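Counting in my numbering, the sequence shown runs from 13 upward without gaps. C-beta atoms are modelled at their ideal positions from N, C-alpha and C, and glycine is treated no differently. These numbers were taken from a predicted model, which means no experiment stands behind them.
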Amino acid sequence: MEVTRRNFKESLNAVCSALEEADFLAIDGEFSGISDGPNVSALTNGLDTPEERYTKLKKHSMDFVLFQFGLCTFTYNQAKSKYITKTFNFYIFPKPFNRTSPDIKFICQSSSIDFLASQGFDFNKVFCHGIPYLNQDEEAQLRKQTEERRNQHANGVGTPSYISPSSSKGPAHVPDEHKDFIERVIQKVDSLFTSSEKTVDLEPCTGFQRKLIYQTLNWKFPKGLHVETIETEKKERYIQVSRVDDDERKRREQQKLEREQEELNDAVGFSRVIHAISKSGKLVVGHNMLLDVMHTIHQFYCPLPEDLQDFKEVTMCVFPRLMDTKLMASTQPFKELITNTSLAELEKQLKEKIFFTGFLSYDTAQEQLHEAGYDAYITGLCFISMANYLGSFLTPPKSYISARSKLIEPFHNKLFLMRIIDIPYLNVTGPDLQPKRDHVLHVSFPKEWKTSDLYQLFSAFGNIQVSWIDDTSAFVSLSQTDQVQIVDRRMLTLSRARRQRDG
13 MEVTRRNFKE
23 SLNAVCSALE
33 EADFLAIDGE
43 FSGISDGPNV
53 SALTNGLDTP
63 EERYTKLKKH
73 SMDFVLFQFG
83 LCTFTYNQAK
93 SKYITKTFNF
103 YIFPKPFNRT
113 SPDIKFICQS
123 SSIDFLASQG
133 FDFNKVFCHG
143 IPYLNQDEEA
153 QLRKQTEERR
163 NQHANGVGTP
173 SYISPSSSKG
183 PAHVPDEHKD
193 FIERVIQKVD
203 SLFTSSEKTV
213 DLEPCTGFQR
223 KLIYQTLNWK
233 FPKGLHVETI
243 ETEKKERYIQ
253 VSRVDDDERK
263 RREQQKLERE
273 QEELNDAVGF
283 SRVIHAISKS
293 GKLVVGHNML
303 LDVMHTIHQF
313 YCPLPEDLQD
323 FKEVTMCVFP
333 RLMDTKLMAS
343 TQPFKELITN
353 TSLAELEKQL
363 KEKIFFTGFL
373 SYDTAQEQLH
383 EAGYDAYITG
393 LCFISMANYL
403 GSFLTPPKSY
413 ISARSKLIEP
423 FHNKLFLMRI
433 IDIPYLNVTG
443 PDLQPKRDHV
453 LHVSFPKEWK
463 TSDLYQLFSA
473 FGNIQVSWID
483 DTSAFVSLSQ
493 TDQVQIVDRR
503 MLTLSRARRQ
513 RDG
């Protein structure tokens, strides 16, 4: 099901119902880019610590925006021995709620946009009909501003929509260049009291002119007017003036309060879905999902904290149960079965070697990898297949393993860390692995060097692993720790020989 700003309200109940009945959920996101500076190899150095990787992603990836969010719910039907799936594909865009709401700035990466375009991604649905959102601080700030305006209006301060005698404080100072304009406004409003018409729409004008209108009408007509600013779909703003009695005034004021509340709820928008996912406490499954989790928290909850441990604590508050299928596929007993853990290849190999059974098909005419909803669906299928495979090791074997089974607990809350040689995952609920790295050398070299030059330099020491840091440095991992001293002696001898030659 595609969900945009146009059908979000009516879809929200269906989404919440699906979350409530689900056994587990799968998610996936599409972003406007991945890295604002370093290339992928530098961003994902093979010898990063978890702290370094988190810091890099926070610094170089969070100015992009998650603009498509896929959610697929999986509910097991005991009678039919199969999962029932419901898939939602949300298009998201940070449309400002009003002039005082956040005007989000984000960046795009041309390669990411080009890739999504090649996959048929509909950018018009994002930019024209994307669902808005607010994080918790932004929502609290807007609610505070709304409450302050209500209190100001109730006390006769600010720009009231109802003109009453108590709020009349004398004529406004009208600059000469606006006097003709204000005079025409007064004449139009005057006509309301001598005709059968009860409402008049004033011509669109500037913010300063609207302020003059409110101040002038407040003084000139101290009783019985309702004055309200209206905004058209094309963002033009004009003032509507109505002749009202006290009962009508109260009714309109109540309508305005209700409308403001509804507009504020609309502005919270997609964040309500994330709140519902969090509140459900259900297992949330993703594939290589660290960036998905970071973006989701950053956009819809709060700015990411500086410290990794603080990030872990926030993550557990938002998503208390996480599962990463890329980590599962990279770990025993699947490691020997799966040769390629990209999502598309994982699905293909699981079909061939473990076999999917008992699933309803995705509601689309053709496969759409890199559509977030479809990728979430495939991620869920891969999880089910691997979880059920674990059941084959039981005595007697089980063909169905639930999302709450103890068999899958070793994978709980561990997020795959891309390309790190000796730390396969980020442990969200505990300390991270701290492997020994006394076989690793930090090497500096000329900018012109390539990986092959490093292999040649260390050819006498057997297999090595090279992890680039930047254009002139890298980590080189030797196969044996005792080789480090030999390398040090050789490099020292080489350095002395060069100094003697150059001297």
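Quiz item: Taking the alpha-carbon positions, what's the R17 to D48 distance?
Solution: 29 angstroms
Quiz item: So which of T211, W461 and F102 has the shortest CA-CA distance to S485?
Solution: W461
Quiz item: What does a CB cutoff of less than 8 angstroms around T15 pick up in its chain, not counting 5 residues either side in sequence?
Solution: With the sequence shown as reference, residue 15 is identified as Val, and Thr is not the correct amino acid for it. Excluding sequence neighbours, V15 sits near S23, V27, F100, N101, F102, Y103 and I143.
Practice problem: Report yes if the C-beta distance between Y88 and S397 is below 8 angstroms; otherwise report no. | Solution: no
Quiz item: Using a threshold of 7 angstroms, is the CB atom of R271 nearer than that to any non-hydrogen atom of the ligand MG?
Solution: The model depicted lacks the ligand MG and carries no ligand whatsoever.
Quiz item: Where in the region 222–297 do unbroken runs of the beta strand (DSSP E), each at least 3 residues long, occur, reported from the N-terminal end onward?
Solution: 237–243 and 249–255
Self-check item: Where Q492 falls: helix, strand or coil (DSSP)
Solution: coil
Quiz item: From this set, D134, H307, V186 and N25, which residue's C-alpha is nearest M74's C-alpha?
Solution: H307
Quiz prompt | For F487, the nearest candidate out of S44, G58, P50 and G41 (CA to CA) | solution = G58
Self-check item: Length of the line joining the Cα atoms of L303 and L429
Solution: 10 angstroms
Quiz item: So, do the region 196–204 and the region 148–165 have three or more beta carbon pairs nearer to each other than 8 angstroms?
Solution: no
Quiz item: Between H190 and the rest of its own chain, which residues show a CB-CB distance below 7 angstroms, the 5 nearest in sequence each way excluded?
Solution: Q221 and L224
Exercise. With a cut-off of 8 angstroms on the beta carbons, I'd call K365 and L339 a contact; round off their distance for me.
Key: At roughly 18 angstroms, the Cβ-Cβ gap does not stay under 8 angstroms, so K365 and L339 are not in contact.
Practice problem: With a threshold of 16 other CB atoms inside 10 Å of the CB of H185, please say whether the residue is buried or exposed. | Solution: exposed
Quiz item: Are the beta-carbon atoms belonging to F331 and V280 less than 8 angstroms from one another?
Solution: no
Quiz item: With 16 other CB atoms within 10 Å as the buried threshold, where does L269 fall?
Solution: exposed
Quiz prompt | Beta-carbon proximity of N439 to K426, cut-off 8 angstroms | solution = yes
Exercise. Return helix, strand or coil for V499, following the three-state DSSP convention.
Key: helix
Practice problem: Between the Cα of L445 and those of F20, E63 and N19, spot the shortest distance and give me the residue it belongs to. | Solution: E63
Practice problem: Can you give me the start and stop residues for the beta strand (DSSP E) that T85 sits inside? | Solution: L78 to N89
Quiz item: What span of residues does the alpha helix (DSSP H) with D213 cover, start to end?
Solution: D213 -> not in any alpha helix (DSSP H); beta strand (DSSP E) instead, spanning T211 to D213.
Self-check item: Extent of the continuous beta strand (DSSP E) run through K107
Solution: Run containing K107: none; DSSP gives neither H nor E here.
Practice problem: Could you tell me which of I251, Q311 and V77 sits nearest to G219, measuring between CA atoms? | Solution: I251
Exercise. Could you check what DSSP says for S180 in three-state terms: helix, strand or coil?
Key: Confidence in S180 is poor, its pLDDT being 48 and thus under 50, which makes the residue's placement unreliable; the coordinate value appears in the next sentence. DSSP places S180 in coil when its eight states are reduced to three.
Quiz item: Hey, how far is the Cα of L320 from the Cα of K71?
Solution: 13 angstroms
Self-check item: Helix, strand or coil at F395 according to DSSP, with G and I counted as helix
Solution: helix
Exercise. Return yes when the Cβ of V478 is within less than 8 angstroms of the Cβ of T3, no when it is not.
Key: Missing from the structure shown is residue 3; the chain here goes from 13 to 515 and no further.
Quiz item: Among E265, D192 and D35, which one has its Cα closest to the Cα of K94?
Solution: D35
Quiz item: Beta carbon of C314, beta carbon of D115: below 8 angstroms?
Solution: no
Practice problem: Let me know the secondary structure DSSP gives T61 once reduced to three states. | Solution: coil
Quiz item: From what residue to what residue does the beta strand (DSSP E) around S456 run?
Solution: V452 to S456
Quiz item: What is the C-beta distance between I309 and T337, in whole angstroms, given that I count them as a contact (C-beta under 8 angstroms)?
Solution: Contact flag wrong, Cβ pair sits at about 20 angstroms.
Exercise. Please confirm whether A384 and G82 have their CB atoms less than 8 angstroms apart.
Key: yes
Self-check item: Coarse secondary structure for S12, derived from DSSP in three states
Solution: Since the displayed the chain opens at 13 and closes at 515, residue 12 lies outside it and no answer follows.
Quiz prompt | Span of the alpha helix (DSSP H), counted from its first residue to its last, around Y467 | solution = T463 to L469
Exercise. Measure the beta-carbon distance from G236 to R255 and round it to whole angstroms, keeping in mind my assumption that it falls under 8 angstroms.
Key: 6 angstroms
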